[in-house]
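A.B. asks: For the numbering used here, add 1419 to where a residue sits in the sequence shown, where the first one is 1.
A virtual CB, placed ideally from N, CA and C, is assigned to each residue, including glycine.
Since the structure is predicted, the reported quantities are computational estimates derived from the model, not experimental observations.
My questions all concern the structure below.
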Amino acid sequence: MVDLEELINRDYLVIFRENLGDKPLSTETKPKPNEDITEMQMEDVREKLAKLQDEVQNFPKSESNEDREITYRRLSESCVKYSIALDRVNVIGREKVRNERKEMLMKIDGLSTQIVDKYEQKRAPEN
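The structure is reproduced here in structure tokens:
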């Protein structure tokens, strides 16, 4: 009779698990390792940097001083934000990522210089 009780208990357990709505935590997807997070951070900055380059090439397109000033400040702040975002990327022991981050920081620095030059160039005739 012990075998029959064990069989019944096992059947109840199977039926219970089949009707249970949520899956156990152990079968859910595992969190991604740090390397994937680093790659996501780098990809995010890459995308933002590409957009920033386009904006810098088109700067200043507005004629009013106020609009130029606002755009200038926004672009300058974007450069600072992206530099800070790259500083937060963990590059310890990852030489390839470290070199890419260094190149991106130099590119941001160059864009920042371009922004200032274009702004000052457009401002010079007015002063």
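Could you compute how far the alpha carbon of T1490 sits from the alpha carbon of L1505?
C.D. replies: Answer to the nearest angstrom: the Cα atoms are 23 Å apart.
A.B. asks: By the three-class DSSP mapping on this structure, what secondary structure does N1518 have?
C.D. replies: The answer is helix: DSSP assigns N1518 an H, G or I state.
A.B. asks: Under 8 Å by Cβ, that's how I've got F1478 and I1534 pegged, so tell me the actual separation to the nearest angstrom.
C.D. replies: Rounded, the Cβ-Cβ distance is 7 Å, consistent with contact.
A.B. asks: Tell me the residue span of the alpha helix (DSSP H) that contains I1511.
C.D. replies: From DSSP, I1511 is part of no alpha helix (DSSP H); its letter is neither H nor E.
A.B. asks: Measuring alpha carbon to alpha carbon, tell me which of E1485, E1474, Q1540, L1524 ends up nearest I1503.
C.D. replies: Residue L1524 is the option with its Cα nearest to I1503.
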